[in-house]
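Note sheet for the following structure.
The structure is reproduced here in structure tokens:
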């Protein structure tokens, strides 16, 4: 019979004590007043910057895509941050970044609110394709209509369009 010391027992307990999570969030938010300020020249750079901002707060993005007046991001949520803190940091840092870019604008702002929806790990491919195809489905659907559908799909009881849009 093997004998373990107290240090070995503590090490075994430490290794076995683990907090895990797999919380995926589909977030969307628009430009202030839904102004079409995310142009095709800046969009790929904006997506890359935002991916870095998500990663910096331990919430790596799986996909980010935009059209001129809004953006969608699918990310794995940090176990140490709230959705509100993640959204605040990503929106604040990317707004500042946009104002400093050659193809950006000094008048760039995000809307105050955002939509954030939990996604099952088994639906990541579906949501990723949805985000990747933003340009195509916005040929027939406005952002307001899209948000309304998302709020209904995810059964967001508190949604009030009078307060969501700014």
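In this note's numbering, the protein residues as written are 2 to 167.
For each residue, glycine too, the CB sits at the ideal point set by N, CA and C.
Give every residue of the same chain whose Cβ lies closer than 8 Å to the Cβ of residue i, excluding the five residues on either side of it in the sequence, and list them in chain order.
{"i": "residue 115", "result": "28, 29, 30, 88, 92"}
Which residue's Cα is closest to the Cα of residue i: the options?
{"i": "residue 63", "options": "144, 90, 127", "result": "127"}
{"i": "residue 45", "options": "133, 159, 153, 163", "result": "133"}
{"i": "residue 162", "options": "117, 148, 67", "result": "148"}
{"i": "residue 167", "options": "55, 52, 112, 42", "result": "112"}
{"i": "residue 21", "options": "137, 58, 54, 77", "result": "77"}
{"i": "residue 118", "options": "165, 86, 135, 156", "result": "156"}
Measure the C-alpha to C-alpha separation of residue i and residue j and round it to an integer number of angstroms.
{"i": "residue 94", "j": "residue 72", "result": "15 Å"}
{"i": "residue 69", "j": "residue 81", "result": "32 Å"}
{"i": "residue 19", "j": "residue 40", "result": "44 Å"}
{"i": "residue 142", "j": "residue 37", "result": "15 Å"}
{"i": "residue 79", "j": "residue 65", "result": "17 Å"}
{"i": "residue 56", "j": "residue 83", "result": "14 Å"}
{"i": "residue 154", "j": "residue 60", "result": "24 Å"}
{"i": "residue 42", "j": "residue 103", "result": "10 Å"}
{"i": "residue 52", "j": "residue 129", "result": "15 Å"}
{"i": "residue 120", "j": "residue 75", "result": "9 Å"}
{"i": "residue 136", "j": "residue 96", "result": "22 Å"}
{"i": "residue 160", "j": "residue 90", "result": "23 Å"}
Keeping to the same chain, check which residues put their C-beta closer than 6 Å to that of residue i; ignore five residues upstream and five downstream.
{"i": "residue 67", "result": "39, 44"}
{"i": "residue 98", "result": "50"}
{"i": "residue 48", "result": "65"}
Which same chain residues, not among the five before or five after residue i, have their C-beta less than 7 Å away from its C-beta?
{"i": "residue 144", "result": "31, 35, 70, 71"}
Please decide whether residue i counts as near chain B, where near means a Cβ-Cβ distance under 8 Å.
{"i": "residue 116", "result": "The chain inventory of the structure shown lacks chain B, comprising one protein chain alone."}
Below 8 Å, can you find three or more Cβ-Cβ pairs linking the segment 99-109 to the segment 32-45?
With the cut-off at 8 Å, the segment 99-109 and the segment 32-45 touch.
To test your reading of the DSSP string, which unbroken alpha helix (DSSP H) runs of 4 or more residues are found completely within the segment 88-148?
Within the segment 88-148, the complete alpha helix (DSSP H) runs of at least 4 residues are 125-133, 135-138.
Assess contact between the segment 19-26 and the segment 119-126, defined as three or more Cβ pairs (one per stretch) separated by less than 8 Å. Is contact present?
The answer is yes - the segment 119-126 touches the segment 19-26, with three or more Cβ pairs under 8 Å.
For the segment 10-93, which segments carrying the alpha helix (DSSP H) assignment without a break, of at least 4 residues, lie completely within its bounds, in sequence order?
The qualifying runs are 44-57.
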